[in-house]
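Residue numbers (my numbering), protein chains in the order written: chain A, 83 to 172; chain B, 176 to 287. For glycine and all other residues, C-beta sits at the position ideal for the given N, C-alpha and C. Step one of this worksheet: look at the structure below.
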Amino acid sequence: MNRAERIRSAIESAIEPDSLEVTDESHLHAGHAGAQPGGETHYEVTVVSSRFSGQSRVARQRSVYALLGNEFSSGLHALSVRALTPEEVS
Amino acid sequence: MSDNPVNERIKTDIAQNDVMLFMKGTPVFPQCGFSAAVVQILNHVGVKFGSADVLVDPEIRDGIKAFTNWPTVPQLYVKGEFVGGCDIIREMFEAGELEQMFDEKGVAREAA
């Protein structure tokens, strides 16, 4: 699995989201701090789940980050997170 | 962890600056797009802020991630409380909640 697939799989198995998008944006950061020749450094995640109801923005993002400790320790540099409830999307 | 010197430095920074940004680069020369975005927003809403450049200080770079339990930089603290990173600051700004938070916490804002 590449990193995007691992991110997707970690979030899906833990959160069972209503919807999940994982986008590799590493190419947008080529040559910047944190970029690596093989890419796989910068990602954007949009995850929709009713579990986020009543949670602060920090708590939501922290719960997503917490699933991805292995990725952060193996070269993941930046992960933009949009963590929304179904009500916030509609 | 209270005797950890890096944590003590972070606590001092946070205590001495109502608005404290841990970032890559400096407010004048940000070295990362995410840090640059937060600086731009803070300047736009007109708050004064302290900053620490984690790129010149590896101890703080690792230390702030552990201190906040947050794996990425930038990180914004307001009145001693962690507010978020770039995504959260941007979302709050776009929703008009950022200015509201500064006003509620009694942080002075000057017209941009």
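What asparagine 244 (chain B) touches in chain A, judged by beta-carbon distance under 8 Å, is Arg144, going in chain order. For histidine 109 (chain A), no CB of chain B lies under 8 Å from its own CB, so it is not counted at the interface with that chain. Contact of aspartate 232 (chain B) with chain A by beta-carbon distance below 8 Å is absent, the smallest such distance being about 14 Å. For phenylalanine 154 (chain A), the C-beta contacts it makes with chain B under 7 Å involve Pro246, in order along the chain. One finds Arg139, Arg164 in chain A with Cβ atoms closer than 9 Å to the Cβ of glutamate 266 (chain B), taken in chain order.
The beta carbons of alanine 165 (chain A) and valine 140 (chain A) sit no closer together than 8 Å.
Nearest Cα to serine 138 (chain A) within the set B:Glu272, B:Val229, B:Leu230: B:Glu272. Assigned with DSSP and collapsed to three states, threonine 105 (chain A) falls in strand. The alpha carbon of valine 248 (chain B) has as its nearest neighbour, out of B:Gly255, B:Ala190, B:Val282, B:Gly238, the alpha carbon of B:Gly238. Taking 8 Å as the upper bound for CB-CB distance, histidine 114 (chain A) and cysteine 207 (chain B) are in contact here, some 7 Å apart. For a Cβ distance threshold of 9 Å, residue set Asn244, Trp245, Pro246, Thr247 of chain B lies close to tyrosine 147 (chain A), ordered along the chain.
Relative to the Cα of glutamate 107 (chain A), the nearest Cα in the group A:Gly121, A:Thr167, A:Glu98 belongs to A:Gly121. Residue range 160-166 is occupied by the beta strand (DSSP E) that includes serine 162 (chain A). Check the Cα spacing between glutamine 191 (chain B) and each of B:Glu256, B:Pro205, B:Leu230: the tightest is with B:Glu256.
Glutamate 183 (chain B) and lysine 199 (chain B) have their C-alpha atoms some 20 Å from each other. Flagged as an interface residue toward chain B: leucine 161 (chain A), by a C-beta distance shorter than 8 Å. The alpha-carbon separation between isoleucine 216 (chain B) and arginine 265 (chain B) amounts to approximately 8 Å. Excluding sequence positions up to five before and after alanine 117 (chain A), its CB lies within less than 6 Å of the CB of His111, Thr123, all in the same chain and listed in chain order. In the three-state DSSP reduction, glycine 238 (chain B) falls in the helix class (H, G or I). Minimum Cα-Cα distance from arginine 133 (chain A) among the listed residues A:His109, A:Ile97, A:Gln143 corresponds to A:Ile97. One thing to note: proline 168 (chain A) has its Cβ no nearer than 8 Å to the Cβ of valine 129 (chain A).
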